[in-house]
Every structure is written in structure tokens, then in C-alpha cells.
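Reviewing the structure listed below.
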Amino acid sequence: DSGVTQTPKHLITATGQRVTLRCSPRSGDLSVYWYQQSLDQGLQFLIQYYNGEERAKGNILERFSAQQFPDLHSELNLSSLELGDSALYFCASSLIGGLETQYFGPGTRLLVL
Amino acid sequence: KNEVEQSPQNLTAQEGEFITINCSYSVGISALHWLQQHPGGGIVSLFMLSSGKKKHGRLIATINIQEKHSSLHITASHPRDSAVYICAADGGYGGSQGNLIFGKGTKLSVKP
Numbered sequence: 003d004s005g006v007t008q009t010p011k012h013l014i015t016a017t018g019q020r021v022t023l024r025c026s027p028r029s030g031d032l033s034v035y036w037y038q039q040s041l042d043q044g045l046q047f048l049i050q051y052y053n054g055e056e057r058a059k060g061n062i063l064e065r066f067s068a069q070q071f072p073d074l075h076s077e078l079n080l081s082s083l084e085l086g087d088s089a090l091y092f093c094a095s096s097l098i099g100g101l102e103t104q105y106f107g108p109g110t111r112l113l114v115l
Numbered sequence: 225k226n227e228v229e230q231s232p233q234n235l236t237a238q239e240g241e242f243i244t245i246n247c248s249y250s251v252g253i254s255a256l257h258w259l260q261q262h263p264g265g266g267i268v269s270l271f272m273l274s275s276g277k278k279k280h281g282r283l284i285a286t287i288n289i290q291e292k293h294s295s296l297h298i299t300a301s302h303p304r305d306s307a308v309y310i311c312a313a314d315g316g317y318g319g320s321q322g323n324l325i326f327g328k329g330t331k332l333s334v335k336p
């Protein structure tokens, strides 16, 4: 158990809908990362937050947004969902977001029908 | 060409064999991560290294910065080592460290 929690574990929704994925980092970790894993693209970095502030952006679509709250949990919002958004979404956390081990959550499996 | 390439894509071994998985990268990096993804999907960080060699139990990771190459070795392999092994390059510097570029993974199957 990495100490990182993600909810929900599974999510099935329809095209055009909006969903919110939630991540609670390990106790004491200030940095949260979001990753998408799809069959065709593999793992891709989406976005990183540190202590409530956005630190870096990767291949995150305009339809997706994220935030990190004062209690350090983070949410990833996916809107106007398309079939191609079906994927595993992982969050990871680390202490300060530098050169350090990242601890991954169990992931949220999203299926868009 | 992907920025992070792994080989082989698939690997089948007999229990007890010595296993090597290779990772080459074309970007400048500040660190290289090795991750293990279990059949159920969970990801565990095995190593983070920026130079030399690290060892943890039966796992050894090495990196050659000049050649932009890293290897993950598993000694005395066991069926429970069956998983996908992913290398990831941390190409960020300063405040953007930690944003990883991933290889496609090596699927390892160890037969008893």
C-alpha cells in the first residue's frame, strides 16, 4: 500500500459527460502528479501540483483540468468526454516534487461508452 | 522515434534465470526511474537513479549517463516477478523535476 488513495476505482460514463477523479496523497507529501495510461499511448504525464499551485503541465487536453486543495488532495476534472478518454488515470505523490521517488495510487479506470 | 525506448517488449524466462531489461533515452535527464506494474494495474516505484548503480534485494539498476542507457537486472527470477517493467526519464530541471517521460514497458513472464 503506497499510502496514496484514489476514488473511484472504476467509472463508466457516456460521451459528452463530465467526471471528477479524486486523489489523496501520502501523509506529508506536498506534490501531486496526474498520469493517463491508455492502450495506444501508454503512460503520459498530465499535470503536477505542488502545495496548491500548478507546477508543470504535460499532455493535458483543454477539456481536462485539475486542482489541488488546501488539504492537499487533488481532483482531475474531465469534461466533454470522448471514447478515446477511456484509460487508467493514476495519481502519484512525492514529498516536494523534485528528484525523488513518486508513490502511485491504485488508479481510476474510466470507461466512456 | 520515442524519447524513451525499452527492449525487449516481451520477455519470457524460466524461474531462476538472470534477466536484463534495457532502456535508452534521447533526452537530457536529471534522473531515470524504474517502475513495476502488476497484472492488476498497480504501479510501484523500484528505483530512481541519476548515476551509477542501485541494488534492492534481487533487483539491480544501472545507468550510464554518457551513453544514455539504463538496465534493470533481476537475479534468480521468480514467477512473482512477472509484471510490466517501465522506465521513465525525468527530463525536468529545477522546479519541473518529476514530470516523467515513459517507455512503453517490458512485459516479463517468469515460468516455474
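Chains as they are written, first to last, in this note's numbering: chain P, 3 to 115; chain C, 225 to 336. Idealized CB from N, CA, C, for every residue including glycine. In this text the structure is predicted, and so the values were computed from the model without any measurement.
Cβ shell of residue i (< 6 Å), same chain only, five flanking positions each side left out
i      : result
I284/C : H297
S295/C : T244, N246, T286
S250/C : E227
L90/P  : Q39, G109, R111
R24/P  : T9, E77
E229/C : S248
L336/C : Reading the sequence as shown, one finds Pro at residue 336/C and not Leu. Around P336/C: E239, P303.
Proximity below 9 Å, CB of residue i to CB of residue j
i      : j      : result
L324/C : F71/P  : no
L83/P  : V114/P : yes
S231/C : Q104/P : no
Q233/C : G329/C : yes
I49/P  : E56/P  : yes
A255/C : M272/C : yes
I267/C : A94/P  : yes
Own chain, CB closer than 8 Å to residue i, minus 5 neighbours either side, in chain order
i      : result
G318/C : Because the pLDDT at G318/C is just 49, under 50, the model does not fix this residue reliably, and the value given afterwards should be weighed accordingly. Result list for G318/C: empty, nothing under 8 Å.
R20/P  : N79, L80, S81, S82, L83
CA nearest to the CA of residue i, picked from the options
i      : options                        : result
F66/P  : L115/P, G18/P, I14/P, L78/P    : L78/P
K331/C : A307/C, M272/C, D314/C         : A307/C
F242/C : H257/C, Q260/C, G265/C, P303/C : P303/C
L97/P  : S81/P, Y51/P, L85/P            : Y51/P
L85/P  : I14/P, G5/P, V6/P, T7/P        : I14/P
Alpha carbon of residue i to alpha carbon of residue j, nearest angstrom
i      : j      : result
V334/C : Q290/C : 32 Å
G44/P  : F326/C : 8 Å
K278/C : N61/P  : 31 Å
L101/P : G315/C : 10 Å
A58/P  : G240/C : 42 Å
Q261/C : A312/C : 13 Å
D3/P   : D87/P  : 27 Å
K292/C : G252/C : 8 Å
L74/P  : L235/C : 40 Å
S275/C : G18/P  : 46 Å
T1/P   : R28/P  : Only positions 3 to 115 of chain P appear in this structure, which leaves residue 1/P out of reach.
H12/P  : L259/C : 23 Å
G30/P  : L41/P  : 33 Å
A16/P  : H280/C : 44 Å
G99/P  : L32/P  : 7 Å
N53/P  : G264/C : 31 Å
G5/P   : A68/P  : 21 Å
Spatial neighbours of residue i in its chain, beta-carbon cut-off 7 Å, leaving aside the 5 residues before and after
i      : result
F92/P  : Y37, Q39, F106, G107, G109
D305/C : I298, L332, V334
beta-carbon residue i near the ligand ATP non-hydrogen atom, thresh 8 Å
i    : result
S4/P : Absence of the ligand ATP from the depicted structure is noted, as is the absence of any ligand whatsoever, leaving it without description.
Minimum Cβ-Cβ distance from residue i to chain A less than 9 Å
i      : result
H280/C : The structure shown contains no chain A; the protein chains it does contain are P and C.
Taking one C-beta from the segment 239-247 of chain C and one from the segment 21-40 of chain P each time, how about it: are there three or more such pairs within less than 8 Å? No, the segment 239-247 of chain C does not touch the segment 21-40 of chain P.
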